[in-house]
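The structure under discussion appears below in the form of structure tokens.
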Amino acid sequence: MILVINTGSSSIKMALIDMPSETQLAEAMAQRLGDQKASLSLSFHGKIEQINIAGADHETAMQQMLDALFARVDKNSIAAFGHRVVHGGEKFIAPTVLNAAVMAEIEALSRLAPLHNPANLLGIRAAIKQLPDIPHIAVFDTAFHHAMPEHASLYAVPYHWYTEYGVRRYGFHGTSHHYVAQQAAAKLGRKIDACNIITAHLGNGCSATAIKNGISVDTTMGMTPLEGLVMGTRSGDIDPGLHDYIARQSGSSLETITNTLNRESGLLGISGQSNDMRTLLDAAAKYDDDIHNQTYKRAALAVDMFCYRLAKSLAGLSVALGSIDAIVFTGGIGEHSSHIRAKTVAQLSLLGVSIDAEKNDEHGKHSDGFIHSATDSIPVLVIATNEEKMIARYVNNVLTREEHQS
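Under the working numbering, the residues of the sequence shown are numbered -10 to 395, in order.
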């Protein structure tokens, strides 16, 4: 069995997965760490237990999470930990066994992911302290995109910015993109190394990726998760001159502007209401009946911008593939919003894409995930992502490879 850990700045998410069956046996979530309202929930064989961990930090929460799990599961049955790490830079392009040197490198890469890598390390250190004698393996969000060709991965800035400062496009959500591409290939009855697939991971953070013969060849996120699509609170693509202009006009610091682009922009910034697509769709649906209502108007505008930018990016990614075997929607919005899928695909007729309204409304539940029209449309699928399962696959591959080498 493999324990998969995903640590955020105030949370720890865990999944226990049996391999190679890929059966999830348990899951746990610790939230609001460092707060008196910190809580831990554990689900085992369908039974959910709530545990009060008021004031717990990452180390204490990890200990209590594992204690609760090992009261139900023999700890000796755990073959390895798999840890999600957001940024691996150019150094880590594959799952990597953790040791002091690797953790130091991950810490150094915090300059590229200051909101994520330090939190990931908190979970890694807490888990190693609890179970130091089994392998701990890091799986990097950026690794799947490492093979992007230079014409896709580099910016048109002085080349020494890349060689001296690491300025390039790294991409994110790689574990999710890889997982749903594998699932799509299986549904198409083909091997992933013989498929051209575009995947759209749409949640509070959003990105789309062009996958050619199983390899990411372009993606919408760049050096940071701020680039690309319109997102819940992130702006996505903007004119690079905006920073200077707003700094001069408002007197804001670069740090303040960057924070605004990360936390107060996107759907939230345009609508002025929410970063939750469900809330905006409800408001936008009322706009036709009350066109003077600014709340409804801005919600509709946010939805329109989201779908237009997404459709534009999906069409652009087709250039990297030449031909498309499938388009896949995943993530909270991608999996559950038939309206967003329909509105986006309606703008892709140039690619020969159309969807079946009934299949789309059912989220593909009765059509094996396929929602495209039965005509000559490129296959369009809805596939639930499972990053924990994909991390377990990566970790299991590392363990299997080491067994064969020993």
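We put the CB at the ideal spot given by N, CA and C, even for glycine.
Which stretch, first to last residue, makes up the beta strand (DSSP E) that contains residue 13?
It spans 12 to 20 - the beta strand (DSSP E) in which residue 13 sits, taken as one unbroken run.
Whole angstroms are fine: how far does the CA of residue 322 sit from the CA of residue 352?
So the alpha carbons of these two residues sit roughly 11 Å apart.
Segment limits, beta strand (DSSP E) that includes residue 364:
Run containing residue 364: none; DSSP gives neither H nor E here.
Under DSSP, the alpha helix (DSSP H) around residue 96 begins and ends at which residues?
For residue 96, the enclosing alpha helix (DSSP H) has its first and last residue at 89 to 97.
Are residue 162 and residue 200 touching if we call contact CB-CB under 8 Å?
No, Cβ-Cβ distance for residue 162 and residue 200 is not below 8 Å.
Could you give the distance in angstroms between the alpha-carbon of residue 222 and the alpha-carbon of residue 75?
For residue 222 and residue 75, the distance between alpha carbons rounds to 18 Å.
Assigned exposure category for residue 378 - 16 Cβ within 10 Å defines buried:
That one is buried.
Label residue 326 either buried or exposed according to how many other C-beta atoms from any shown protein chain fall within 10 Å of its C-beta, with 16 as the threshold for buried.
So residue 326 ends up on the buried side.
What would DSSP say about residue 39, mapped onto helix, strand or coil?
Strand.
Applying the criterion that 16 or more other CB atoms from any shown protein chain within 10 Å of the CB defines a buried residue, is residue 37 buried or exposed?
It counts as exposed.
First through last residue of the beta strand (DSSP E) which encompasses residue 70:
First-last of the beta strand (DSSP E) with residue 70: 69 to 74.
Using the C-alpha atoms, what's the distance from residue 358 back to residue 185?
Between the alpha carbons of residue 185 and residue 358 lies a gap of roughly 18 Å.
Residue ranges of each beta strand (DSSP E) run of no fewer than 3 residues wholly in the region 200 to 271, ordered along the chain?
With a minimum length of 3 residues, the continuous beta strand (DSSP E) runs that stay inside the region 200 to 271 are 204 to 208.
Measure the Cβ-Cβ separation of residue 319 and residue 206 and say whether it is below 8 Å.
No, the pair does not count as a contact, with Cβ atoms beyond the cut-off.
Could you pull out every residue in the same chain whose Cβ sits closer than 8 Å to the Cβ of residue 280, ignoring the five residues on either side in sequence?
Closer than 8 Å at the Cβ level, and outside the excluded window around residue 280, lie 286.
Under the three-state reduction of DSSP, which class applies to residue 184: helix, strand or coil?
Shown here, residue 184 sits in coil according to DSSP, grouped into three states, outside any helix or strand.
Report the option in 0, 40, -8 and 131 whose CA atom is closest to the CA atom of residue 62.
The candidate whose alpha carbon is nearest that of residue 62 is -8.
One question on the structure: do residue 44 and residue 27 come within less than 8 Å of each other, judged by their Cβ atoms?
Yes, they are a contact pair.
For the region 266 to 303, list the beta strand (DSSP E) runs that are entirely contained and at least 3 residues long, ordered along the chain.
Counting whole runs of 3 or more residues, the region 266 to 303 contains no beta strand (DSSP E) stretch at all.
Smallest Cα separation from residue 40: which of 259, 17, 89 and -10?
Closest by alpha carbon: 17.
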